[in-house]
Amino acid sequence: MNIIIANQKGGAGKSTHCILLANYLVLEKKKQVLVLDLDFQSSVKDLWDQDRANYADTPPLYEVINKELSEIGEVLQMLQGIGDDQIILFDLPGYINDNALVPVFEQADLVICPFAYDKITFESTYVFAQVLRRLNESAPVVFLPNRLKSSVKYATIEQVNEALGTLGAVAPALPDKVAYQRIDTQTIPKDIQEELNASYEYILEKYSNK
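Printed below as a string of structure tokens:
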């Protein structure tokens, strides 16, 4: 199963949730996971490398492979040899105007789109989802609200959810907490575990075929 975590808006939380979802799938669901970091910032791969030293006596939960966009054809060919029981997570760059990404979107089984309820992020997310729908009409799109601040008005949340609901489903929101800035590739922070489980369970129970 190919799961893409993407949004063209930088800072929306895609790398954070790529890592946390991978941890969740292995620790909570006992799945085999491979993470492909296709973002030029290589945030996921860099953290995974750091954790090899921080957790020197502990084997990694999963492998992370960092590839350039020019290597996508090679990557997709490699994935054809991977068993159906393995879940592939793609962390994509924060843009969609590169033709090299088209095959990745076309082969997605599920797209998770982290976003926040501020005006700029919502508008960027909405445009991204519209383009994605043209590239892949069949893959479910799930919007994952995160960094939710207590100051956000309920009316705003309702309006945004209604608009995004025309393009996909909206998962349970995740509040803004410091713990999201202190994650690693080996654990799920206890103070956000319950809320993460609720959001990820919602997504996987509805849209995972594994």
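Residue numbering for the sequence shown is 1 to 210, as defined by full-length UniProt numbering.
For every residue, glycine included, the Cβ atom is placed at its ideal position computed from N, Cα and C.
Tell me the DSSP secondary structure of residue i in three-state form.
| i | result |
| --- | --- |
| Q32 | strand |
| I192 | helix |
| Q86 | strand |
| I65 | strand |
| A169 | strand |
| I96 | coil |
| F122 | helix |
| D49 | helix |
| N146 | coil |
| I72 | helix |
| L25 | helix |
| I157 | helix |
| N136 | coil |
| V141 | strand |
| N7 | coil |
| P60 | coil |
Write down the C-beta distance between residue i and residue j rounded to the nearest angstrom, noting that I regard them as a contact closer than 8 Å.
| i | j | result |
| --- | --- | --- |
| K9 | S124 | 4 Å |
| L148 | P114 | The pair is not a contact, with the Cβ atoms about 11 Å apart (cut-off 8 Å). |
| K160 | L135 | Note on residue identity: the sequence assigns Val, not Lys, to residue 160. Not confirmed; about 23 Å, so no contact. |
| E4 | F105 | Looking at the sequence shown, residue 4 is not Glu but Ile. Their Cβ separation, rounded to whole angstroms, is 7 Å, which keeps I4 and F105 in contact under 8 Å. |
| L61 | N7 | Incorrect: roughly 24 Å between the Cβ atoms, too far for contact. |
Can you give me the Cβ contacts of residue i inside the same chain, cut-off strictly under 7 Å, excluding the 5 residues immediately before and after it?
| i | result |
| --- | --- |
| Q107 | N2 and L76 |
| R133 | L167 |
| G165 | none |
| G73 | none |
For residue i, which of the options has the nearest alpha-carbon?
| i | options | result |
| --- | --- | --- |
| I183 | A12, P140 and H17 | H17 |
| V180 | V142, Y207 and K14 | The question names Val, but residue 180 is Tyr in the sequence shown. The shortest C-alpha separation from Y180 is found at K14. |
| K119 | D91, I157 and N136 | I157 |
| T187 | R147, A163 and V26 | V26 |
| Q86 | Y117, L36 and V102 | L36 |
| A100 | D84, S70 and Y207 | S70 |
| A116 | L92, N146 and D91 | N146 |
| A12 | L92, R52 and D84 | L92 |
| I88 | P59, V33 and N7 | V33 |
| T185 | R52, N7 and I4 | R52 |
| L20 | K190, K206, V102 and E205 | K190 |
Cutting at 6 Å between CB atoms, please list the residues of its own chain near residue i, excluding the five before and the five after it.
| i | result |
| --- | --- |
| I203 | V142 and A171 |
| E205 | none |
| A173 | P145 and L148 |
Counting only the same chain and skipping the five closest in sequence on each side, list residues whose C-beta sits under 8 Å from that of residue i.
| i | result |
| --- | --- |
| A129 | C113, V141, F143, L164, L167 and G168 |
Is it a yes or a no for the stretch 178-195 touching the stretch 95-103, going by three-plus beta-carbon pairs under 8 Å? Too few Cβ pairs lie closer than 8 Å, so no.
The stretch 33-46 / the stretch 63-73 touching (three or more Cβ pairs under 8 Å): Touching, per the Cβ criterion.
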